[in-house]
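Sequential numbering from 223 applies to the sequence shown in my numbering.
Here the structure is laid out as structure tokens; the discussion comes afterwards.
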Amino acid sequence: MQLSEHERTCLESLALHPDGVGQGCGSATLDDLVARGLLERQAALPLPGMAWHYHYRLTDAGRRALAPAP
223 MQLSEHERTC
233 LESLALHPDG
243 VGQGCGSATL
253 DDLVARGLLE
263 RQAALPLPGM
273 AWHYHYRLTD
283 AGRRALAPAP
């Protein structure tokens, strides 16, 4: 699977920080990676008066996309 440099950097960052919030990844990139099945998005319940926030986790497909080509 072809990944842009930004997509690869985003996935690598999340691989190093499981259940990360995707810092350094643009929201459009995160949305695209979720839509392609490379990331899983989980909503975290906000505290009263605060906005929803999300945690992202690599899927098996996301880990395979980062694996070196044979």
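Idealized CB from N, CA, C, for every residue including glycine.
Taking the straight line between their C-alpha atoms, what separation do you get for G284 and L261?
6 Å
From this set, S249, L252 and H277, which residue's C-alpha is nearest A265's C-alpha?
H277
Looking at the strands, I want to know which residues DSSP matches up with R263.
Y278
I'd like the list of long-range same chain contacts for V256, defined as Cβ closer than 8 Å, with 5 residues on each side in sequence excluded.
E262, R263 and Y278
Taking the continuous alpha helix (DSSP H) assigned at S249, which residues delimit it?
S249 to A257
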